[in-house]
Amino acid sequence: MKKTVILISGTPSVGKTTIAQKLKDRLNAFYINLTSFAKGNNLISGFDEKRQTAIIAEEKMRKKIKEIVNSVNKDILIIDGHYAASVVPKEYVTKIFVLRRNPIELKNFMEKKEFRNNKLWENLESEILDVCLIESLCKLEESKICELDITGLTVDEVVNWIIAILFDKKKCEFGKIDWLKMLETKGLLDQYLKKITVI
Ligand SMILES: Nc1ncnc2c1ncn2[C@@H]1O[C@H](COP(=O)(O)OP(=O)(O)O)[C@@H](O)[C@H]1O
Ligand SMILES: [Mg+2]
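The working numbering puts the first residue of the sequence shown at 355, with every later residue one more than the last.
1) Heavy atom of ligand 1 less than 6 Å from the Cβ of residue 485, yes or no?
2) Tell me which residues share the same chain as residue 457 and place their Cβ nearer than 6 Å to its Cβ, disregarding the 5 neighbours each side in the sequence.
3) Hey, how far is the Cα of residue 541 from the Cα of residue 382?
4) With a 10 Å radius around its C-beta and 16 neighbouring C-beta atoms as the bar for buried, classify residue 455 as buried or exposed.
5) Is there contact here, the segment 361-376 with the segment 431-442, by at least three beta-carbon pairs under 8 Å?
6) Considering only their Cβ atoms, is the gap separating residue 441 from residue 490 smaller than 7 Å?
7) Just checking, does the segment 504-517 make contact with the segment 367-377 on the three C-beta pairs under 8 Å criterion?
8) Please look up how many angstroms separate the CB atoms of residue 447 and residue 494, rounded, as I've assumed it's under 8 Å.
9) Got a sec: does ligand 1 put a non-hydrogen atom nearer than 6 Å to the Cβ of residue 426?
10) Looking only at its own chain, which residues have a Cβ that is under 7 Å from the Cβ of residue 549, when we skip the five neighbours before and after it?
11) My guess is that residue 499 and residue 528 are in contact by the Cβ rule of under 8 Å, so how many angstroms apart are they, rounded?
12) According to DSSP, is residue 608 helix, strand or coil?
13) CA-CA distance, residue 388 and residue 406?
14) Beta-carbon separation of residue 419 and residue 392 under 7 Å?
15) Should residue 457 be listed as close to ligand 1, given that the test is whether its C-beta is under 6 Å from any heavy atom?
16) In this structure, what does DSSP give as the bridge partners for residue 388?
17) Determine the direct distance from the alpha carbon of residue 523 to that of residue 402, and round the result to whole angstroms.
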């Protein structure tokens, strides 16, 4: 039987892990957190000093993910990670949920997770410039890409929304979010861009 493979993507701190774990419980799914998966399976090939982040051995990870999808005794798998679209073979993907959060709220979430200075602004830049959405569009078929603005929603509301999409009760769509315009309307664009360009 073909497995259902659901990717949960989005900028660091957007809420992926919190939401993916709740979704896993609701769907009785097998769960993979790519950060732990990389560490636990020796899939880290180095460390990027400038960005202060691990470098993933992508080809090895893709192979390992294929093995798990084919061998695990659950019908549904949930794969949580901001680079999920790049490491899960496209033919395996059922849907990707790109979680989006208003950068003003996201900044608060990042501060809670103790992101500071360059890392914080680098991640905010990714959110403002749609990096995870663009990565999904480069790697996967458009019909599989669902972009959710989860600003101000509870974890349960987001999980219910994802389940409604999976059961065809709600539409899966993307391309409606424009944080640049939102920041401009609020007169905040200069302030955010100034921070970003000094990274
Ligand atoms: N819907 C939500 N409402 C309020 N706080 C949330 C929500 N989702 C996540 N959080 C909080 O935001 C922070 C980042 O969440 P996390 O799931 O670790 O994000 P990610 O896995 O995308 O880095 C955590 O402190 C988490 O408790
Ligand atoms: Mg996480």
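For glycine and all other residues, C-beta sits at the position ideal for the given N, C-alpha and C.
Short version:
1) no
2) 478, 481, 482, 533
3) 45 Å
4) Buried is the call here.
5) The segment 361-376 is in contact with the segment 431-442.
6) no
7) yes
8) 6 Å
9) Relative to ligand 1, the beta carbon of residue 426 is positioned no closer than 6 Å to any heavy atom.
10) So the list reads 475, once near-sequence residues are dropped.
11) Indeed, because the Cβ distance is near 5 Å, the residues count as touching under 8 Å.
12) This structure gives no information on residue 608, because the portion of the chain shown stretches from 355 to 553.
13) In a straight line, the C-alpha of residue 388 is about 17 Å away from that of residue 406.
14) Result no, Cβ atoms of residue 419 and residue 392 do not sit closer than 7 Å.
15) no
16) None; residue 388 has no bridge partner.
17) 42 Å
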